[in-house]
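Peer 1: Count along the sequence shown from 1, then add 41; that gives the number in my numbering.
Glycine residues also receive a C-beta, built at the ideal position from the N, C-alpha and C atoms.
Starting off with a structure, shown below.
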Amino acid sequence: MKSRLFSALKYLVGLSIAGGLLWYVFKDWDLQDLLSRFALVNYSWVLLSVVLSIISHVIRAYRWNLLLHPLGYSSITTYRTFLAVMVGYLANLIAPRAGEITRCGVLKRTDGVNMSASLGSVVAERIIDFLGLLVIIFFGLLLQFDRLSGFLTDFFYEKTKAIQVSESTIQLLAVFGLVIVIALTMLWILRARIKRLPLYYKLRSFANEMADGFTSVLKLKNKSGFWISTVLIWVLYYAMAYVIVFAMPSTSNLGLLAGLSILIMGGLGMSAPVQGGFGTYHILVGSVLGLYGIAPKDGYFFATLIHTSQTLTVLIVGSLSFILSMRLKKKELN
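Below is the structure:
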């Protein structure tokens, strides 16, 4: 009951944040203006962006396959992991981070892959993706320090320093910290009794299996394939975001470095704990384009165009993948 309540609360908080940010982005828009902008879009570039994104998803599925091989699942095809990955992306539109568990659940159902082990491999994959984003941010700052450092300072620091931490908040945090210390102390004192509980062995088994999945990156049979696919994923992410600048007259003159800024802010926006990056993606990408002389409305529309095209891709391909994965299971049962 408590876990369901907590999950519902997380969902509502994420939805509220997304809704608030989207309201901020579109509060000064009217429907006619929005529709007229969509009418001016060159959708050939949008289609190219969609194709590039699907290729990146296929490569991600291939890379996940490589992580599953050391765990004893070398016979699983990239097609099957692709279906699982896309169903996972579909789940992310419903609840933040639900996709990681969902795609592991799909492979559990279709191929009998150990849930905790596959989840460990996904955690390893996400850490590598996060490190990749940090590397890209580093190069972005290296190439455009004056532009991006000022933007990041204004956008994050200046907005957060205005938040006042009250005395009651400090007291609440102190009490919370004390509760954690007491709980850890009690667990240490009662560790002998806890180890005799059946639940302890289940949790220990889950942790060990998850650790096996997490360390699969150290046991790769095809290391070059893994790292090349990792680089290709980021190259495709860059390309699928950058090609859309040519779909709009107001952004068609943006250079390659602007594309790098779009990738960085888009990555940060999609990493935020909200459903599908709604709101966070729009405000970060739309705002950073102001550094390149793009008007706020044009910047926000550009972000909307990318995000909408990718969301529709996930909805369509993810839904088809869900149906195909269900049929795949039925075929195996027969």
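Can you tell me the Cα-Cα spacing of alanine 158 and threonine 118, whole angstroms?
Peer 2: On the sequence shown, position 117 is the one that residue 158 refers to. On the sequence shown, position 77 is the one that residue 118 refers to. Taking the straight line from one Cα to the other gives about 18 Å.
Peer 1: Taking the CB atoms as reference points, tell me whether glutamine 351 and serine 85 lie closer together than 8 Å.
Peer 2: Here residue 351 refers to the residue found at position 310 when the sequence shown is read from its first residue. Here residue 85 refers to the residue found at position 44 when the sequence shown is read from its first residue. No, Cβ-Cβ distance for glutamine 351 and serine 85 is not below 8 Å.
Peer 1: Hey, could you find the ends of the alpha helix (DSSP H) glutamine 316 is sitting in?
Peer 2: On the sequence shown, position 275 is the one that residue 316 refers to. From DSSP, glutamine 316 is part of no alpha helix (DSSP H); its letter is neither H nor E.
Peer 1: Please state whether DSSP places aspartate 170 in a helix, a strand or coil.
Peer 2: Here residue 170 corresponds to residue number 129 of the sequence shown, with the count starting at 1. Helix.
Peer 1: State the DSSP-derived secondary structure class of isoleucine 142, mapped to helix, strand or coil.
Peer 2: The residue given as residue 142 occupies position 101 in the sequence shown. In this structure, isoleucine 142 counts as helix in the three-state DSSP scheme.
Peer 1: Taking the alpha-carbon of leucine 301 as reference, which of Val284, His98, Gln316, Leu148 has the nearest alpha-carbon?
Peer 2: As a working note, residue 301 is residue 260 in the sequence shown. Leucine 301 has its Cα closest to that of Val284, out of Val284, His98, Gln316, Leu148.
Peer 1: How about arginine 104 and threonine 151: are their beta carbons less than 8 Å apart?
Peer 2: On the sequence shown, position 63 is the one that residue 104 refers to. On the sequence shown, position 110 is the one that residue 151 refers to. Cβ atoms of arginine 104 and threonine 151: not closer than 8 Å.
Peer 1: Here's the rule I'm using: 16 or more other beta-carbon atoms within 10 Å means buried, otherwise exposed. How should arginine 144 be labelled?
Peer 2: Along the sequence shown, one-based indexing puts residue 144 at 103. The residue is buried, with at least 16 neighbouring Cβ atoms inside 10 Å.
Peer 1: When you compare the CB positions of threonine 292 and aspartate 339, do they come within less than 8 Å of one another, or not?
Peer 2: The residue you call residue 292 lines up with position 251 of the sequence shown. The residue you call residue 339 lines up with position 298 of the sequence shown. Yes, they are a contact pair.
Peer 1: Thinking leucine 304 and tyrosine 278 are a contact (beta carbons under 8 Å), I'd like their distance in whole angstroms, please.
Peer 2: Position 263 of the sequence shown, counted from the first residue, corresponds to residue 304. Position 237 of the sequence shown, counted from the first residue, corresponds to residue 278. Their Cβ separation, rounded to whole angstroms, is 6 Å, which keeps leucine 304 and tyrosine 278 in contact under 8 Å.
Peer 1: Report the option in Trp275, Leu365, Asp74 whose CA atom is closest to the CA atom of leucine 175.
Peer 2: What you label residue 175 is simply residue 134 of the sequence shown in a count that begins at 1. The shortest C-alpha separation from leucine 175 is found at Trp275.
Peer 1: Under DSSP, the alpha helix (DSSP H) around lysine 264 begins and ends at which residues?
Peer 2: The count along the sequence shown starts at 1 and reaches residue 264 at position 223. Its alpha helix (DSSP H) spans residues 264-283.
Peer 1: For valine 163, does the count of other Cβ atoms within 10 angstroms reach 16, so buried, or fall short, so exposed?
Peer 2: Here residue 163 refers to the residue found at position 122 when the sequence shown is read from its first residue. Classification of valine 163: buried, given that the 10 Å Cβ count is 16 or more.
Peer 1: Got a sec, what are the start and stop residues for the alpha helix (DSSP H) serine 94 sits in?
Peer 2: Numbered from its first residue, the sequence shown carries residue 94 at position 53. Segment 84-109, the alpha helix (DSSP H) holding serine 94.
Peer 1: For a test of the three-state rule: what should DSSP assign to asparagine 133, helix, strand or coil?
Peer 2: Sequence index remark: in the sequence shown, residue 133 carries index 92 (1-based). The three-state reading of DSSP puts asparagine 133 in helix, counting H, G and I together.
Peer 1: Report all residues from its chain with a CB closer than 7 Å to the CB of tryptophan 70; omit the five preceding and five following residues, and keep chain order.
Peer 2: Here residue 70 is taken as the residue at index 29 of the sequence shown, counted from 1. Hits under 7 Å: none found.
Peer 1: Taking just the CA atoms, how far does tyrosine 114 sit from alanine 282?
Peer 2: Within the sequence shown, residue 282 is the residue found at index 241, counting from 1. Within the sequence shown, residue 114 is the residue found at index 73, counting from 1. Each residue's alpha carbon lies about 34 Å from the other.
Peer 1: Quick one: grab the DSSP three-state call for threonine 345.
Peer 2: Reading the sequence shown from its first residue, position 304 is the one you call residue 345. Looking at threonine 345 - three-state DSSP - the assignment turns out to be helix.
Peer 1: If you run the structure through DSSP and keep just helix, strand and coil, what is leucine 261?
Peer 2: Locating residue 261 in the sequence shown gives position 220, where the first residue counts as 1. Annotated three-state conformation of leucine 261 is coil, per DSSP.
Peer 1: Consult DSSP for threonine 118 and reduce its assignment to one of helix, strand or coil.
Peer 2: The residue given as residue 118 occupies position 77 in the sequence shown. If DSSP states are grouped into helix, strand and coil, threonine 118 belongs with coil.
Peer 1: So, with DSSP's three-state summary, where would you put isoleucine 335?
Peer 2: Counted from its first residue, the sequence shown places residue 335 at position 294. Coil, per DSSP.
Peer 1: Using alpha carbons as the reference points, say which of Tyr333, Ser257, Trp268, Gly318 lies closest to leucine 112.
Peer 2: Position 71 of the sequence shown, counting from 1, holds the residue named residue 112. With distances taken between Cα atoms, leucine 112 lies closest to Ser257.
Peer 1: Look at the alpha carbon of leucine 378 and the alpha carbon of proline 290, and state the distance between them as a whole number of angstroms.
Peer 2: No information on residue 378 is available, as it lies outside the stretch 42 to 375 that the chain covers here.
Peer 1: Rounding to the nearest angstrom, what Cα-Cα distance links leucine 295 and leucine 325 in this structure?
Peer 2: In the sequence shown, residue 295 corresponds to position 254, counting from 1. In the sequence shown, residue 325 corresponds to position 284, counting from 1. Taking the straight line from one Cα to the other gives about 17 Å.
Peer 1: What is the DSSP secondary structure of valine 154, reduced to helix, strand or coil?
Peer 2: For this step, residue 154 is matched to residue 113 along the sequence shown. Looking at valine 154 - three-state DSSP - the assignment turns out to be coil, as it is neither helix nor strand.
Peer 1: Of the residues Ala80, Phe79, Pro137, Leu72, which one's Cα is nearest the Cα of valine 315?
Peer 2: Residue numbering aside, residue 315 sits at position 274 when the sequence shown is read from its first letter. Taking only the C-alpha atoms, the option nearest valine 315 is Pro137.
Peer 1: Determine the burial state of alanine 313: buried for a count of at least 16 other Cβ atoms within 10 Å of its Cβ, exposed for fewer.
Peer 2: What you label residue 313 is simply residue 272 of the sequence shown in a count that begins at 1. Counting Cβ neighbours within 10 Å, alanine 313 comes out buried, since at least 16 surround it.
Peer 1: So phenylalanine 192 is in the alpha helix (DSSP H); what residue range does that whole segment cover?
Peer 2: To locate residue 192, count along the sequence shown from 1; it is residue 151. Element bounds for phenylalanine 192: 186-193.
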